[in-house]
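Numbering (our numbering), first residue to last: 28 to 179.
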């Protein structure tokens, strides 16, 4: 598999309702995913089996948060900004010296494809360092057909 760059770029300005999870270990991810699905339901998204865009957000959330917990340093903070036209997902950890590194030339059966997957699901993605924390982010559309970043 070829390299999909994970560019060093600042977080876009996203406005909307902010949802946040503080994670200290992988064991907390299932509850965080359930909480995210619950919040999607509260704001009017259909159940995950009927809503591909919402499930893509949950998948990207899980991939970035699990990467931060495995390869970064806790506590990990996962934030979703629910904007009018998309979601801004930002996951930070306390390992600013460890940049996101998409797997290159790895057999997908061996795993490690999460950053590639998130890059393909998102309309924009990147990472930056601020205040001793590494932030890895992605903008995801609220509909599968919408491939433009539209956070406002």
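For each residue, glycine too, the CB sits at the ideal point set by N, CA and C.
Proximity winner among the options, relative to residue i (alpha-carbon distances)
i	options	result
residue 166	83, 134 and 158	83
residue 38	131, 48, 114 and 133	114
residue 112	100, 89 and 81	81
residue 109	53, 128, 56 and 70	70
residue 126	148, 140 and 99	99
residue 129	68, 91 and 40	91
residue 51	40, 97 and 68	97
Close beta carbons around residue i, own chain, < 7 Å, minus the five adjacent residues each side
i	result
residue 66	46
residue 155	35, 36, 37, 38 and 162
residue 174	Caution applies to residue 174, whose pLDDT of 43 falls short of 50 and renders its modelled position unreliable; the value that the coordinates give is listed next. So the qualifying residues of the chain are 150 and 168.
residue 160	119, 120, 121 and 123
residue 30	Here the model assigns residue 30 a pLDDT of 44, short of 50, so the residue's position is not dependable, and the following value carries that caveat. 129 and 131, listed in sequence order.
residue 139	130 and 133
Classification of residue i by the beta-carbon crowding that lies within 10 angstroms, buried from 16 upward
i	result
residue 116	buried
residue 61	exposed
residue 133	exposed
residue 120	buried
residue 44	exposed
Cβ shell of residue i (< 6 Å), same chain only, five flanking positions each side left out
i	result
residue 48	59 and 105
residue 152	146 and 165
residue 95	103, 118 and 120
Identified DSSP bridge partners for residue i
i	result
residue 167	114
residue 160	157
residue 47	106
residue 89	None, per the DSSP bridge assignment.
residue 119	104 and 162
residue 151	166
residue 35	154
Cut-off 8 Å between Cβ atoms - residues of its own chain near residue i, not counting five sequence neighbours on either side
i	result
residue 93	53, 56 and 141
residue 87	116, 144, 145, 148, 149, 165 and 167
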